[in-house]
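Just add 1401 to the spot in the sequence shown (first one is 1) and you have this note's numbering. Beta carbons: idealized from backbone N, C-alpha and C, even for Gly. Reviewing the structure listed below.
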Amino acid sequence: MPCRRSISTLGCPDLSLAQILELAKRFQLDGIELRALAGMIDLPAMLDGSFASFGDFATSIATAMVPIVSFDTSLRLADSTSADREAFLQYAPWAEAAGTRWLRVFDGGKTADAPTLHSMAKTVAWWRTERQKRGWRVDMIVETHDSLLKASAMRDFLTLVPDTALLWDSHHTWRQGKEDPLVTWRACSSHIVHIHVKDSLDQPSGDRPFTYVLPGAGSFPMKPLRETRDREFDGVVSLEWERLWHPYLPPLEDALVAASHCRWW
């Protein structure tokens, strides 16, 4: 079951949309995940200043024939404010114009305790009301980033909002949640439609106890996960090369070559 190969634009944050689309075509990617463009992460503001209309934006995406698989927002479900929610809603018209399926949000919170999970579920319920009212097709996908770092926490959350899609940050649950990726996958794969992949070594870097490295150069156990994933998954696998946050990283092109060489796709 071939996955769809994608990149997060965190890996090339200074490039324009046209340059990113050209890079995606050069590496024969199946899509891009928009997080940063032309040095900005406020994508609605950047796109509003770059395109005369939603229709012009839609035409540019259709012409390039490289789909946007998700718009990555900064919303955190846990304890989101009205201002946070309003900023999140600004992404939806652009995603609708591009025919994009998902708006990425973070789980939020520090622990997956009951109050945090219920706060997250409350934000999901708010979004569903807004989505239905406005007739939007785009939907929310929740990244396992802050508190949903183990399969048990994900399952508790999904009990509250059972038809929610997950973006599984496989490195976070492994490195920070200390859970075998196969354990996470077996417990939650029915809800996972998008996977982030990256690699690291047990060497401190800045305020982190690990250092990101090129795919295949670290200790992430990709081989058993890839073998299982290849049999069971046809969603998006996205190389999240976080060069915007970690400028010590080599260029994204180097990471793409490494990912292909060691079969991370």
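Alpha-carbon spacing of residue i relative to residue j, whole angstroms
i	j	result
Ala1552	Pro1625	18 Å
Met1447	Ala1453	12 Å
Ser1407	Arg1609	26 Å
Leu1424	Ala1515	43 Å
Glu1544	Thr1565	11 Å
Cys1663	Gly1432	20 Å
His1592	Glu1628	19 Å
Pro1616	Trp1642	9 Å
Asp1449	Asp1415	17 Å
Ile1442	Cys1589	30 Å
Lys1511	Thr1464	42 Å
Ile1462	Ile1469	8 Å
Leu1583	Phe1621	12 Å
Gly1619	Pro1605	13 Å
Glu1580	Trp1569	13 Å
Phe1455	Pro1494	8 Å
Trp1666	Leu1430	10 Å
Ala1498	Thr1517	33 Å
Asp1655	Phe1428	11 Å
Thr1560	Ser1451	41 Å
Leu1567	Val1594	6 Å
Arg1632	Cys1404	10 Å
Trp1527	Leu1478	10 Å
Thr1530	Asp1635	29 Å
Ala1439	Val1562	36 Å
Asp1603	Gly1536	47 Å
Val1638	Lys1426	16 Å
Option nearest residue i by Cα separation, candidates the options
i	options	result
Thr1585	Ser1571, Arg1576, Arg1405, Val1525	Ser1571
Trp1575	Pro1652, Asp1547, His1592	Asp1547
Pro1652	Arg1405, Cys1404, Ser1409	Ser1409
Ala1554	Asp1508, Pro1414, Val1525	Asp1508
Met1466	Pro1445, Ile1421, Tyr1492, Ser1590	Ile1421
Met1623	Ala1660, Ser1520, Ala1493, Ala1419	Ala1660
Leu1476	Gly1440, Val1525, Ser1591, Ala1513	Val1525
Leu1640	Leu1435, Asp1415, Leu1418, Ser1481	Leu1435
Leu1550	Pro1563, Ala1513, Met1521, Thr1612	Ala1513
Ala1522	Met1541, Phe1428, Gly1456, Val1594	Met1541
Leu1444	Leu1430, Trp1528, Ala1496, Asp1581	Ala1496
Lys1534	Leu1657, Ser1417, Leu1490, Val1506	Leu1490
Leu1650	Gly1412, Cys1404, Asp1557	Gly1412
Ser1437	Lys1426, Asp1631, Phe1472	Note on residue identity: the sequence assigns Ala, not Ser, to residue 1437. Considering only alpha carbons, the answer is Phe1472.
Thr1474	Val1594, Phe1611, Ser1483, Arg1505	Arg1505
Phe1458	Leu1418, Ala1656, Leu1567	Leu1418
Thr1460	Ser1483, Gly1636, Gly1500, Phe1558	Gly1500
Arg1556	Arg1587, Ser1483, Trp1527, Thr1482	Arg1587
Arg1532	Phe1634, Trp1503, Tyr1613	Trp1503
Arg1538	Phe1558, Tyr1492, Gly1578	Tyr1492
Gln1577	Phe1611, Ser1520, Gly1607	Phe1611
Endpoints, beta strand (DSSP E) assigned at residue i
i	result
Gly1432	1432 to 1435
Glu1544	1540 to 1544
Continuous alpha helix (DSSP H) stretch holding residue i: start and end
i	result
Arg1505	First-last for Arg1505: 1503 to 1507, but that is the beta strand (DSSP E), not the alpha helix (DSSP H).
Leu1650	Element bounds for Leu1650: n/a, residue is neither H nor E.
Lys1511	Run containing Lys1511: none; DSSP gives neither H nor E here.
Runs of alpha helix (DSSP H) wholly within the region 1547 to 1634 (minimum 4 residues, chain order)
1552 to 1561, 1571 to 1576, 1582 to 1589, 1623 to 1633
Could you check whether the region 1646 to 1655 touches the region 1579 to 1598, counting it as contact only if at least three pairs of C-beta atoms, one from each stretch, sit closer than 8 Å?
no
Enumerate, from N- to C-terminal direction, the unbroken beta strand (DSSP E) stretches of 3 or more residues contained entirely within the region 1409 to 1497.
The region 1409 to 1497 contains these whole beta strand (DSSP E) runs: 1432 to 1435, 1469 to 1477.
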